[in-house]
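Number 77 in the numbering used here belongs to position 30 of the sequence shown; there are no gaps in the numbering.
Step one of this worksheet: look at the structure below.
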Amino acid sequence: MKKAKTAKGVAEKQVAAKLLANVPDEYVFYCNDGQVFRNMAELNNGLNKMSDETFSYHSNRDKCDFSNWLKDVVGDKELARDLAEPITRFESAMTVSSRIESLRSKLL
């Protein structure tokens with residue numbers, strides 16, 4: 048039983064590390080205000096800095112750019128699902144920040 052728990056812990060660490068890592072250069076997120084996001088932490092910082100207008104350009108009833116990038120490029124379906132519904136920029140930043148902290152705790 049101990050081996051199974053150890054293997055599960057290693058697998059969780061690997062998944063967390065992959066989700067927090069930089070994406071390949073050809074898949075970075077180019078925000079319409081000029082910011083470039085290579086990973087979740089940069090997205091989080093960007094959400095905290097960008098204007099509500101920029102946020103609304105990328106996240107609205109018709110577009111889910113951040114959610115799609117997280118799902119299709121980063122591979123975090125859980126976070127993508129949480130950001131798929133239109134919410135405020137502040138709520139999105141808090142959601143991303145919380146997910147980052149959760150993933151980082153698995154690396155310890």
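C-beta: ideal position from N, C-alpha, C; glycine also.
In this structure, 87 is the residue among 82, 53, 87 and 83 with its C-alpha nearest to the C-alpha of residue 124. In the three-state DSSP reduction, residue 98 falls in the coil class, being neither helix nor strand. Taking 8 Å as the upper bound for CB-CB distance, residue 79 and residue 144 are not in contact here, some 22 Å apart. The DSSP assignment places complete alpha helix (DSSP H) segments of no fewer than 4 residues inside the region 55-118 at 87-96, 99-105 and 112-116, in order along the chain. Annotated three-state conformation of residue 132 is coil, per DSSP. Residue 136 has its alpha-carbon roughly 6 Å from the corresponding atom of residue 102.
Residue burial annotation: residue 98 is exposed, with fewer than 16 other C-beta atoms found within 10 angstroms of its C-beta.
The three-state reading of DSSP puts residue 150 in helix, counting H, G and I together.
Taking 8 Å as the cut-off, the Cβ atoms of residue 139 and residue 67 do not count as close. Rounded to the nearest angstrom, the gap between the Cα atoms of residue 134 and residue 151 is 24 Å.
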